[in-house]
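A.B. asks:
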């Protein structure tokens, strides 16, 4: 998401924990297999990636 925390239907906050290492290897393998990757968020704002 574009926010660090996602607000759930019940009002609680959840941290999805998007970390570059967790995304990087699967993305590299998909790219190597010929896929195109677009990263988008619900509002179009930049995605929040943990350091």
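In this note's numbering, the protein residues as written are -7 to 43. Beta carbons are placed, not taken as given, at the ideal position from N, Cα and C, and that holds for glycine. Values in this document were obtained by computation on a predicted structure and should not be read as measured data.
Please report the distance separating the alpha-carbon of residue 29 from that of residue 19.
C.D. replies: So the two alpha carbons sit approximately 8 Å from each other.
A.B. asks: In whole angstroms, what is the alpha-carbon distance linking residue 35 and residue 6?
C.D. replies: Residue 35 and residue 6: Cα-Cα distance of roughly 18 Å.
A.B. asks: Along the chain, where does the alpha helix (DSSP H) that runs through residue 25 open and close?
C.D. replies: No alpha helix (DSSP H) holds residue 25; DSSP gives it neither H nor E.
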